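Working notes, beginning with the structure itself.
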Amino acid sequence: MPDDVRCEVVTTRSGVRAMRDGETGELMHPVVGPQVEAEQLYVAPSRLAQRLNEGAEGALVLLEVGLGAGSNAAAAWKLSERMPQTARRLTMVSFDRTLAAFELALAEEHAADFGLQGDAATAARTLLASGACETARTSWRLVLGELPFTLASMPPSMADVVFWDPFSPRANPTLWTVAAFAALRRLCRAGATVHTYSRATATRSALLLAGFAVGRGESTGEKAETTVAAVDASDLERPLDGRWLERLARSSAPLPSDAPPDALERIRAMPQFGPV
Numbered sequence: 001m002p003d004d005v006r007c008e009v010v011t012t013r014s015g016v017r018a019m020r021d022g023e024t025g026e027l028m029h030p031v032v033g034p035q036v037e038a039e040q041l042y043v044a045p046s047r048l049a050q051r052l053n054e055g056a057e058g059a060l061v062l063l064e065v066g067l068g069a070g071s072n073a074a075a076a077w078k079l080s081e082r083m084p085q086t087a088r089r090l091t092m093v094s095f096d097r098t099l100a101a102f103e104l105a106l107a108e109e110h111a112a113d114f115g116l117q118g119d120a121a122t123a124a125r126t127l128l129a130s131g132a133c134e135t136a137r138t139s140w141r142l143v144l145g146e147l148p149f150t151l152a153s154m155p156p157s158m159a160d161v162v163f164w165d166p167f168s169p170r171a172n173p174t175l176w177t178v179a180a181f182a183a184l185r186r187l188c189r190a191g192a193t194v195h196t197y198s199r200a201t202a203t204r205s206a207l208l209l210a211g212f213a214v215g216r217g218e219s220t221g222e223k224a225e226t227t228v229a230a231v232d233a234s235d236l237e238r239p240l241d242g243r244w245l246e247r248l249a250r251s252s253a254p255l256p257s258d259a260p261p262d263a264l265e266r267i268r269a270m271p272q273f274g275p276v
């Protein structure tokens, strides 16, 4: 399907504007709207402002997996741009396989709904034109191609924060596997956290099997719970516990498609669940 007909902007039953993908039929940010979800699910839970203000040396690196309509990236870019000069720079790398949704969101009649107005729109258009945008506070780069293969082009142990926001496991199952999250784990250094909307048992199992500690994330819209993963279990406020292991044992879809034969035993033995 050509890029120029793949996406459309629609008004949802809750009255917010959202992007619909023509190939999968999925809505991006369907309940609370793109700007609210970007803040509630990604920017605030990742403690992006606090981490930029920590005074550590070097830039803070954010991997934004699933650029989509650009709302998550725009929210992070705006936050970085308004930080004081003493704060760390933000280096943001956005991944996607197509720019159709991003281009449509940047249209004059849609830009405000997706948080792409003013300086953010200028930055986004620069990114579209040249693949990168640099300011005094923020570096924003685009990586276009199929995931998880594009992750393999990145250097190891580079990322501090990850926004994992591709289409759902139903629409894009290859991005919710052990292999996909293992490719991501290679890029994450000590202290890194991963934030995603999926609370599916198989998603959490895949993250655990890829080497992350996994916890419960904040609610947003109709989602009573999201998911946070971390390199270090001590960075999780609400790690999965024995009660989740009981749910895992009862689940009709407990594991990703590429789970090893002894996956359940491996998960039960992981340090975050305590003594076996």
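Residue 170 in the UniProt record's numbering sits at position 170 of the sequence shown, and the numbers go up by one each step. A virtual CB, placed ideally from N, CA and C, is assigned to each residue, including glycine. As the structure is a prediction and not an experimental result, all values here were calculated from the model.
Residue i and residue j closer than 8 angstroms at C-beta
{"i": "R138", "j": "W77", "result": "The question names Arg, but residue 138 in the sequence shown is Thr. Their beta carbons are under 8 angstroms apart, which means T138 touches W77 by this criterion."}
{"i": "R111", "j": "A121", "result": "Before going on, a small fix: residue 111 reads as Ala here, not Arg. The answer is yes: Cβ separation under 8 angstroms."}
{"i": "A183", "j": "P256", "result": "no"}
{"i": "S168", "j": "E57", "result": "no"}
{"i": "T177", "j": "S198", "result": "no"}
{"i": "A229", "j": "T193", "result": "yes"}
{"i": "V43", "j": "L90", "result": "no"}
{"i": "A233", "j": "A213", "result": "yes"}
Among the options, the one whose alpha carbon lies nearest that of residue i
{"i": "A38", "options": "E54, L175, A69 and T24", "result": "A69"}
{"i": "S251", "options": "V143, A202, P148 and E8", "result": "A202"}
{"i": "A100", "options": "P169, A123, L144 and C188", "result": "L144"}
{"i": "E237", "options": "R20, T24 and S46", "result": "S46"}
{"i": "F163", "options": "G131, A171, D96 and E134", "result": "D96"}
{"i": "D160", "options": "R186, A179, A136 and P173", "result": "R186"}
{"i": "R243", "options": "F273, E265 and A259", "result": "F273"}
Cα-Cα separation between residue i and residue j, rounded to whole angstroms
{"i": "A200", "j": "I267", "result": "15 angstroms"}
{"i": "L60", "j": "R88", "result": "7 angstroms"}
{"i": "A129", "j": "S94", "result": "14 angstroms"}
{"i": "A49", "j": "L208", "result": "27 angstroms"}
{"i": "M1", "j": "H195", "result": "Note on M1: pLDDT 34, under 50, position unreliable in the model; the coordinate value appears next. Cα to Cα, M1 sits roughly 30 angstroms from H195."}
{"i": "S204", "j": "R216", "result": "A quick correction: the sequence has Arg, not Ser, at residue 204. So the two alpha carbons sit approximately 10 angstroms from each other."}
{"i": "S219", "j": "E108", "result": "31 angstroms"}
{"i": "L248", "j": "L240", "result": "11 angstroms"}
{"i": "L104", "j": "N72", "result": "15 angstroms"}
{"i": "P271", "j": "L127", "result": "42 angstroms"}
{"i": "D3", "j": "G22", "result": "Note that D3 has pLDDT 43, beneath the 50 cutoff, so the model's placement of it is unreliable and the number below is only indicative. So the two alpha carbons sit approximately 10 angstroms from each other."}
{"i": "D235", "j": "R6", "result": "39 angstroms"}
{"i": "L151", "j": "E246", "result": "33 angstroms"}
{"i": "S14", "j": "F102", "result": "22 angstroms"}
{"i": "A171", "j": "P254", "result": "18 angstroms"}
Rounded Cβ spacing between residue i and residue j (contact assumed at less than 8 angstroms)
{"i": "V16", "j": "V32", "result": "7 angstroms"}
{"i": "G115", "j": "A75", "result": "6 angstroms"}
{"i": "L147", "j": "V231", "result": "Contact flag wrong, Cβ pair sits at about 20 angstroms."}
{"i": "R189", "j": "S153", "result": "Wrong, their Cβ atoms sit about 17 angstroms apart, outside the cutoff."}
4-residue-minimum alpha helix (DSSP H) runs that sit fully inside the stretch 79-152, ordered along the chain | For the stretch 79-152, whole alpha helix (DSSP H) runs of length 4 or above, ordered along the chain, are 100-105 and 119-130.
Only counting runs of 4 or more residues, tell me where the alpha helix (DSSP H) segments fall wholly within the stretch 22-72, in order along the chain.
-> As far as the stretch 22-72 is concerned, its whole alpha helix (DSSP H) runs of at least 4 residues are 34-37 and 48-52.
Can you list, in chain order, the stretches of the alpha helix (DSSP H) that have 4 or more residues and sit fully within the stretch 225-276?
-> Positions of the alpha helix (DSSP H) runs, each at least 4 residues long and wholly inside the stretch 225-276, are given as 242-250 and 263-268 in order along the chain.
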